[in-house]
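If you're matching positions, the sequence shown starts at 7 in my numbering and goes up one per residue. Input: a single structure, listed below in structure tokens.
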Amino acid sequence: MTDKTKLILLVEDDPDHEALTIRALKKSNMANEIRVARDGEEAVNLLCGPDAIKPQVVLLDLKLPKLDGLEVLKRVRECDDTRLLPVVVLTSSDEERDVVRSYQLGVNSYIRKPVNFNDFAEATRQLGMYWLVLNECPPN
């Protein structure tokens, strides 16, 4: 996988938020492959299962069916192969306890989804620029 095609795992159950996130990433010229998990169980299986994928970054919503985002984060941090994987919570939750718990569990960044699309697109552009271009991850 080349630098231009670093994999992004988007963990999002809301089809509208999924579409907006993908649209915002494409609008900011991120040519990355985007894989989507629509519930927490699927995300854990994709990251820690026998045929695990190796994304450059995980964009994780907190309010998910089957396993919530905090439980996904906990399991990702418990798995040897994903312990150091960059995970960014991208959520509409503005609960202080969610922010605190996310950091206690080892999240790398916590971003509240802006309501306005242009603001959301700009936040997504900056997120992509940092995690996919500027940030250097440990080797797989």
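Note that beta-carbon positions come from the ideal geometry of N, C-alpha and C, so glycine has one too.
### Task
Give the range of the beta strand (DSSP E) segment to which residue 117 is assigned.
The sequence position of residue 117 within the sequence shown is 111, counting from 1. For residue 117, the enclosing beta strand (DSSP E) stretches over residues 115-118.
### Query
Comparing alpha-carbon positions, which option in 100, 92, 76 lies nearest residue 136?
Position 130 of the sequence shown, counted from the first residue, corresponds to residue 136. Measuring from the Cα of residue 136, the nearest candidate turns out to be 92.
### Message
Excluding the 5 residues flanking residue 34 on each side, which residues of the same chain have their C-beta closer than 8 angstroms to its C-beta?
### Response
If you number the sequence shown from 1, residue 34 lands on position 28. So the list reads 127, 130, 131, 134, 135, once near-sequence residues are dropped.
### Query
If you count every other CB in all the chains shown that lies within 10 Å of the CB of residue 108, and 16 or more means buried, which is it?
Numbered from 1 along the sequence shown, position 102 holds the residue referred to as residue 108. The residue is buried, with at least 16 neighbouring Cβ atoms inside 10 Å.
### Unbroken alpha helix (DSSP H) run spanning residue 58, endpoints
The sequence position of residue 58 within the sequence shown is 52, counting from 1. Taken as a continuous stretch (DSSP letters only), residue 58 belongs to no alpha helix (DSSP H), as it is neither H nor E.
#### Entry: Exposed unless 16 or more other CB atoms sit within 10 angstroms - verdict on residue 61
In the sequence shown, the residue the question calls residue 61 occupies position 55. Around the beta carbon of residue 61, 16 or more other beta carbons lie within 10 angstroms, which makes this residue buried.
#### Entry: Distance CB(residue 82)-CB(residue 115) smaller than 8 angstroms
By 1-based counting over the sequence shown, the position of residue 82 is 76. By 1-based counting over the sequence shown, the position of residue 115 is 109. Cβ distance not < 8 angstroms, so residue 82 and residue 115 don't count as in contact.
### Message
If contacts are defined as beta-carbon pairs under 8 angstroms, then residue 16 and residue 42 qualify, I think. What distance do you get, rounded to the angstrom?
### Response
The residue you call residue 16 lines up with position 10 of the sequence shown. The residue you call residue 42 lines up with position 36 of the sequence shown. At roughly 5 angstroms, the Cβ-Cβ gap stays under 8 angstroms, so residue 16 and residue 42 are in contact.
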